[in-house]
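Numbering (our numbering), first residue to last: 7 to 139. Glycine is no exception: its CB is placed at the ideal position from the N, C-alpha and C atoms. The structure displayed is predicted, hence computed values, not measured ones. In what follows, a single structure is set out as structure tokens and then discussed.
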Amino acid sequence: IWMDTIRDGAFGLTNTNRLVRFYPGCTGLKTGSTSKAGFCISVTAERDGFSLICVIMGAESRDVRNASAVSLLDWGFANYGLYRAEGSDAETVAVTGGVKNSCALKYDAFSVVLPKAQIAGVEQRIMKPEAVA
7 IWMDTIRDGA FGLTNTNRLV RFYPGCTGLK TGSTSKAGFC ISVTAERDGF
57 SLICVIMGAE SRDVRNASAV SLLDWGFANY GLYRAEGSDA ETVAVTGGVK
107 NSCALKYDAF SVVLPKAQIA GVEQRIMKPE AVA
């Protein structure tokens with residue numbers, strides 16, 4: 007939320023994280039500064055179901071902090087992506103030496119962050135055992 011009011015509009019609140027308003031996909035987080043730490047920010051952003059978190063510490067000004075965060079997030083979104091593998095319906099696999107002769111085997115969906123250049127080359131192979139004991 008960029009701006010809000012409380013107490014029936016009597017008081018205005020403005021988010022100190024300007025990226026919430028100006029950076030596409032920014033979902034928030036935290037800004038801060040002290041004389042020792044400099045200007046710091048933890049910022050989160052999401053695009054196409056892919057989320058990144060960026061931390062900048064010790065910047066010399068608010069503008070440098072924000073520009074550094076934008077640069078790092080842009081680099082992350084440009085160079086990395088989310089590979090998603092679908093799950094499978096339950097199949098049966100033989101059970102040797104068990105109470106039952108077979109059991110259900112299901113592969114859950116999963117996702118992993120990869121360099122974008124590698125995503126197209128991912129080959130998914132499911133190696134189902136002939137039997138389990």
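Span separating the alpha-carbon of residue i from that of residue j
i           : j          : result
residue 20  : residue 42 : 25 angstroms
residue 56  : residue 24 : 21 angstroms
residue 121 : residue 92 : 19 angstroms
Burial state of residue i (16 or more Cβ within 10 Å)
i           : result
residue 84  : exposed
residue 119 : exposed
Residue i - partner residues in DSSP beta bridges
i           : result
residue 52  : 57
residue 113 : Answer by DSSP bridge pairing: none, since residue 113 is not bridged.
residue 108 : 100
residue 94  : Per DSSP, none; premise fails for residue 94.
residue 78  : DSSP lists no partner for residue 78.
residue 39  : 45
Contact test: residue i Cβ vs the ligand PLP heavy atom, cutoff 6 angstroms
i           : result
residue 117 : The ligand PLP is not part of this structure, which contains no ligands at all.
Collapsed DSSP secondary structure at residue i in the structure displayed
i          : result
residue 87 : strand
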